[in-house]
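Just so you know, the protein sequences line up as chains A and B, in that order. In the numbering used here, each residue's number is its place in the first sequence (first place is 1) plus 95. In the numbering used here, each residue's number is its place in the second sequence (first place is 1) plus 95. Single-structure report; data block below.
There are 2 protein chains.
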Amino acid sequence: MPAGPRATAESVPISDVELDDDFWTPRVETNREVTIAHQYDQLEANGCLANFRRVARGATADETSGGQEGDSSGEDGAFEGPMFIDSDAYKWLEAASYVLATGEEPDLRERVNEVIELLADAQEDDGYLHTYFQLVEPEMKWTNLAVMHELYCAGHLIEAAVAHYRATGSEGLLDVARAFADHIDRQFGPDGQNGVPGHEEIELALVKLYRVTGEERYLDLAEYFVDARGQDPSPLADELANVEEIAGADFVHHGQTAAEGARNHFLRDGEYDGSYAQDHLPLREQETVEGHAVRAMYFYTGVTSLLQERDDEELWTAIQRLWENMTTKRMYVTGGIGSEHEHEGFTEDYDLPNDTAYAETCAAIGSIFWNHRLFELTAERDYADLIERTLYNGFLAGVSVSGDRFFYVNPLETTGDHHRKEWFYVACCPPNAARLLASLERYIYARGTDGETLYVNQFVGSSIETELGEDTVALTQSTAMPWEGETNIKFTHDDPGAFELRVRIPEWVTNVEATVNGETIAETNVPSASDDYLSVERTWEAGDEVALSFSQPVEVLAADPRVRDDAGRVAVRRGPLVYCVEDADHSVPVETLAVSDPDDFDPDPEHDPDLLGGTTVLRGEGTASDLDTWTDSLYRSVDRVNRTETEIVAIPYFAWDNREDGAMTVWIPTT
Amino acid sequence: MPAGPRATAESVPISDVELDDDFWTPRVETNREVTIAHQYDQLEANGCLANFRRVARGATADETSGGQEGDSSGEDGAFEGPMFIDSDAYKWLEAASYVLATGEEPDLRERVNEVIELLADAQEDDGYLHTYFQLVEPEMKWTNLAVMHELYCAGHLIEAAVAHYRATGSEGLLDVARAFADHIDRQFGPDGQNGVPGHEEIELALVKLYRVTGEERYLDLAEYFVDARGQDPSPLADELANVEEIAGADFVHHGQTAAEGARNHFLRDGEYDGSYAQDHLPLREQETVEGHAVRAMYFYTGVTSLLQERDDEELWTAIQRLWENMTTKRMYVTGGIGSEHEHEGFTEDYDLPNDTAYAETCAAIGSIFWNHRLFELTAERDYADLIERTLYNGFLAGVSVSGDRFFYVNPLETTGDHHRKEWFYVACCPPNAARLLASLERYIYARGTDGETLYVNQFVGSSIETELGEDTVALTQSTAMPWEGETNIKFTHDDPGAFELRVRIPEWVTNVEATVNGETIAETNVPSASDDYLSVERTWEAGDEVALSFSQPVEVLAADPRVRDDAGRVAVRRGPLVYCVEDADHSVPVETLAVSDPDDFDPDPEHDPDLLGGTTVLRGEGTASDLDTWTDSLYRSVDRVNRTETEIVAIPYFAWDNREDGAMTVWIPTT
């Protein structure tokens, strides 16, 4: 463990990486070609761009009338959509910018520029930009951060601007974002309004803005927002007491108005309880991950970003404590987080119901963001491991195999009535998935800040050409992952360079074989957690080749017995993939399946090239309870239960709900 | 199965039976001496009697001001308590009357008479009696049956009156009840108001009233209320639309006003859905048990009571269908019913969560009431079996071993934060338990309506002297139940009488030995459901003795695999008792316990006379997962899970939460 916070690694620019992967490339292509285009159509259809056009045209509050769900009366009408709808455009801009960073795409570039121009036109002279308040309640700006998401939208604008600047070098969107950030900097802080965003996001965005601009005051402002949270009294408490004053709080989500929802989420027995938005205690004092999971992830990501820039032992200790709590007590085996629907968030230690799991796709994405910063801060394997686990399971289940249907909620068990949708009214998840897939390059490699280390963290076929210290490093990674454990890394740069290559040995690996230029450098069981990276220090030159083979045995997993919902059940994992059983592969209902002896359960992997574009399934021997024996009684002696041998076929969890409707479970009962 | 509805058996008057049972007598004594006295004190403390006194004194609406929770401003103040508080007095009168039926109790008799006099004074000249409306909103009588519980209270008044009349022969309370019933009969019906009670109860009460008065119009009115339910449009729908007009709808329960609760319970996507109160379809068309479980039980009890009096093949078919649905798809192994807290009711087939089970004590009691009528109607064992299962488990857990603490909610698993309470603001459960315990005699014996059959349904030590046809039958039952399976029945009547003795062979019995006067009449395994009653036809005379021995092996139970919450788990039953494991008996947390091989799990019964007044515990070999192995990870390979052998000690489910706080589970995981 590091002695304290320090950035020890950094991502390489995504434009330095080119994907070429059997598993991921088709998904990323669909994301570019289908999802991002579809997302733009949504911006037109749901009124998001129309709002900006109204503002740009100078429509005033007098011409408009409220922000109700379904209020879509054309460009001459009122504000359309929820109060955070601006963020849809920003997320699209961010995803599109990543595409521009790695390809030509002239049509997309033109469309992006049009939207940027629109935003610039809509922005007020003082930098303010939030179409709801501009159109409907200009006098109410910054009066209700608890509900109204102004700072949240600002954060997404900044993220988009940074992505666009890095992708194109053009400062058009960055200027808009900076002007808004400067406005916010004037509005809030020790000498201004004492405010805390109800939904975190601005913190991580301001650190990004600092990095491209070098302006310390953005970092100061991020630090201000981190430290202002969790103070007593909280400014959010007063805002909630007066929430009815904001007409926008009438927006309906999950069957309740934003005002009702806020009261439900922030009040306990009539008293303010900020835990929904991590505002119950200063982060330094927090012991457990609490509240709305996406908010929590964005917040911790912001704090960890800050720690990459500024030393703060107390904050770092808190962040480690929260990570421990989440990963050892409040996380699904898929990496999914958030046990409960109503507040979309964390509940109690070990409370991880499978059928009513929330495990929002956005929360998985947020966890990847957070763990990405944690890796950069520490260069430790655990964080890259969790990115892998979440990427292939908790996140990837959120996207259909076809790449154009999305889960908001990711249960680990269902009777068959839960299906992906094309879009959502509160459309946080599809654009979030789009920006993650469009920047997948970011997670594969990293450079040591010493300029002497190159990390290979994720096994995704790709080429990289990047600067490392004084050298230019280029290599091509080809891999059979996630289906098989073979990976080949071949260097292609012109000038030899001396550095340490560190290749992650995933947590699930039990045996590693590695050669350099055909010579064995490692052939070993992996007995301990210290075998985290395969390290080779040498002068690397074109043609040098590292061949890796990771064992991928099928693992039968048990859960901590305090996770009552998994008691008496096992899950199956192979390599990075958590598996599940689905009705589509069985002649009996999956809820009747059981494993007789977990210690002897040893299903065989079998790659089926025709299944869902090529999928390795696991086939093992189990039993099925004959439902005919259960017609007259719910309960009976175990010696009067008829079980017949049957084959259990497991598919990767991410692949479920891509065929006919049916039941699914990750945790298979034992008998 | 009977060809159709007909009463084939009837209970004997409770005054014909005298309890003398090691297991039950102490509980019934505590009920008489502690609970019923305590219940009366509550009537004084919570304003229930004060409300009646105010009405009797002629206090008007002008002197009073609303019915908010906690509104307790003395007898000169407003109405106190929830709008159904009158029913507390009626349930107390009913329980007290059962006590008067079987004992002298002059002090109690005097107190009962005082309350009856008070009710008579409070009753209006036209028979109306409901203190909330009389004190607060007299102009709003009968305008909101959906929420306001007038007919519910009337039903409890009638039940109390019938019990008091049968116990004492005095007609004072019966006159009050008849006058109110006559008022209701004038108000409602084909020629009057088209009304349906939001909470059923009046139906079963009117059948009782018919039986003591012989007045057919009470039966007609019961039938009217049964058939009026589930019609489209429902009168309840209009009442809900106008619920704010009733000030009493401001009463707060479960953190919401009655009006809010009613909208939550009765509206789905803004449309009226009556299933909460079984008002979604005519009962004849209902396929599944739906909605609030206590309402459902009271309704089905009323309908079944009606079927005892009037033939109706369609209703009878529906009732059987609902019973099948409940017992084979929606019932806990304890006999508890109601899976969900928010609406205190049924959800979907096989949805039976253990930790969030509602399984309200009142619903178990209602199920006993319903099954009691079903037995009388059919003389079939299944219903008496379910009474036994519910009595010893789902009901009895609701009462502390000390007899004076109560559960409202009966989970089958808890981490240790659920405990019995002395009383509840909405105090339905303790008085309901009190009236059941005070009339336990009712469930033990029954007479065939042919006058030639005597049923012994429950094994509870007692003497009975009753009329059977032309004969007087007297016998004494002594039994070792529930701990052991030995029961002795000795006849004591003077004149010999020829009749059939039918002794229930409980569902859990696998082997029966029976002798009459020492001669073996049965010694057999019980292989099939047709072995439902041990039948002996002869002339019985004083000194005749039937000795029974039922095997009581420990049964390891599995649940239907569609009950996902029990998958991979087993429960343990011995005789009528379902068992559970509790922290108090283990040196490791009970959530770490598991059974290795359910087929080989064979715990030994051991009677501990010092444990909770004498309890047979079960001791078996299991394993415990070492929590020290789970500090760094929530999930791990089963072959890396350390389990150590440990003794599993199970206690009867009814006995849990009578010692130190701790976790409990009925369903033990397998490994």
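Where a beta carbon is used, it is the ideal one built from N, C-alpha and C, also for glycine.
Under the 8 Å Cβ criterion, the segment 733-746 of chain B does not count as touching the segment 482-492 of chain B, having fewer than three qualifying pairs.
Not a single C-beta of chain B is nearer than 9 Å to the C-beta of V611 of chain A. The criterion of a C-beta distance shorter than 9 Å is not satisfied by H387 of chain A and S106 of chain A.
Sixteen is the threshold: when 16 or more other Cβ atoms of the shown chains lie within 10 Å of the Cβ of H294 of chain B, as they do, the residue is buried. Look at L729 of chain A: its C-beta is under 9 Å from a C-beta on chain B.
Per DSSP, Y427 of chain A has no beta-bridge partner at all. If the five residues before and after T587 of chain A are omitted, its C-beta is found closer than 7 Å to the C-beta atoms of A569, L570, T571 and A637, all from its own chain and listed in chain order.
Counting only Cβ-Cβ distances below 8 Å, L652 of chain B has contacts in chain A at Y730, R731, S732 and V733, in chain order. Among the residues of chain A, those whose CB is under 8 Å from the CB of E686 of chain B are P656, R657, R659 and A662, following chain order.
V210 of chain B is positioned such that its CB atom lies no closer than 9 Å to that of R127 of chain B. Listed by position along chain B, the residues whose Cβ is nearer than 7 Å to that of W725 of chain A are D655. In the DSSP assignment, Y628 of chain B forms a beta bridge with B:R599.
Under a 10 Å Cβ-count criterion, S630 of chain B is classified as exposed, with fewer than 16 other Cβ atoms of the shown protein chains found around its own Cβ. For E560 of chain B, no Cβ of chain A is located within less than 9 Å of the residue's own Cβ. Within the segment 414-444 of chain B, the residues whose Cβ lies closer than 8 Å to any Cβ of chain A are, in chain order, T422, T423, K424, M426 and V428. The residue among B:L252, B:G287 and B:R261 with its C-alpha nearest the C-alpha of E298 of chain B is B:L252. For T412 of chain A, the nearest beta carbon of chain B is not closer than 9 Å to its own beta carbon. The C-alpha of W762 of chain B lies about 37 Å from the C-alpha of P377 of chain B. The segment 358-446 of chain B contains, as complete alpha helix (DSSP H) runs of 4+ residues, the segments 388-404 and 408-424 (chain order). Residue environment: K516 of chain A is assigned as exposed (fewer than 16 neighbouring CB atoms within 10 Å of its CB, all protein chains considered). For Y478 of chain B, the uninterrupted alpha helix (DSSP H) segment begins and ends at R476 to R484. Within the same chain, T509, T510, G511, D678, P684, V685 and E686 come within 7 Å of A758 of chain B by CB-CB distance, once the 5 residues on both sides are set aside. Residue contact check for E366 of chain B against chain A: no CB pair falls below 9 Å. In this structure, B:S534 is the residue among B:I432, B:S534 and B:S558 with its C-alpha nearest to the C-alpha of W187 of chain B.
Taking the CA atoms as reference points, S728 of chain A sits about 26 Å from A372 of chain B. Between V504 of chain B and Y427 of chain B, the C-beta spacing is not below 9 Å. Distance between F174 of chain B and L230 of chain B, taken at the CA atoms: about 6 Å. Note on H436 of chain B: under 16 other CB atoms within 10 angstroms of its CB, so exposed under the neighbour-count rule. Here A317 of chain B has E298, L301, V302, G397 and L401 as same chain residues with Cβ atoms under 7 Å from its own Cβ, once five neighbours each way along the sequence are excluded. At least one CB of chain B lies nearer than 9 Å to the CB of E508 of chain A. In this chain, S462 of chain A is not harboured by any beta strand (DSSP E); it is covered by the alpha helix (DSSP H) spanning T456 to T473. With a 10 Å radius around the Cβ and a threshold of 16 neighbouring Cβ atoms, E409 of chain B comes out exposed.
For T765 of chain B, the neighbours in chain A by C-beta distance under 7 Å run, in chain order, G663, T765 and T766.
Residue range I131 to A140 is occupied by the alpha helix (DSSP H) that includes Q134 of chain B. Looking at the backbone, the Cα of D333 of chain A and that of A217 of chain A are separated by about 30 Å.
E517 of chain A is bridged by DSSP to nothing; it lacks a bridge partner.
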